[in-house]
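Heads up, the thing below is written out as structure tokens.
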Amino acid sequence: MRRIKKEKRRSAEEEWIILKRQIYRLSVEAGWPLEYILEMPYSSFTECLLSFQDPPRQGPAVRDVEAELDRLKELNYKSMRSRI
Numbered sequence: 001m002r003r004i005k006k007e008k009r010r011s012a013e014e015e016w017i018i019l020k021r022q023i024y025r026l027s028v029e030a031g032w033p034l035e036y037i038l039e040m041p042y043s044s045f046t047e048c049l050l051s052f053q054d055p056p057r058q059g060p061a062v063r064d065v066e067a068e069l070d071r072l073k074e075l076n077y078k079s080m081r082s083r084i
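Counting from 1, position 57 in the sequence shown corresponds to residue 57 in UniProt numbering; the numbering is continuous, with no gaps.
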């Protein structure tokens, strides 16, 4: 019987650091101002980020983007609740 490794869950702080790096990378590679990127819907941000990867990949399915967005909202909610 094989043991299945549990995937280590990232903390909200780790997720935020990764997201900040992605935003900065997209800003540098695309030459867009940060304000423009921060106002993008998450799905558009993901598509743009993927288009600048080597080699370009097809973007994730809409349900995957929505699931990731829901997960990030939940992380944000939990981090806000822990501050109260």
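In this text, a Cβ means the ideal position worked out from N, Cα and C, and glycines have one as well.
Can you check whether the CB of Y42 is closer than 9 angstroms to the CB of E68?
Y42 sits close to E68, with the two beta carbons spaced by under 9 angstroms.
If you draw a straight line from the alpha carbon of P33 to that of S27, how long is it in whole angstroms?
Pairing P33 with S27, the inter-Cα distance amounts to about 6 angstroms.
Report yes if the CB atom of L38 is closer than 9 angstroms to the CB atom of L72, and no otherwise.
Not closer than 9 angstroms, so no.
Would you tell me roughly how many angstroms separate the C-alpha atoms of S82 and Y24, rounded to the nearest one?
Approximately 27 angstroms between the Cα atoms of the pair.
How would you write the range of the alpha helix (DSSP H) that M40 sits in, first residue to last?
Unbroken run through M40: none, as it is neither H nor E.
Please report how far the alpha carbon of M1 lies from the alpha carbon of K8, in whole angstroms.
Since pLDDT at M1 reaches only 48, below the 50 mark, its modelled position is unreliable, and the value read off the structure follows with that caveat. When rounded, the distance between both Cα atoms is 21 angstroms.
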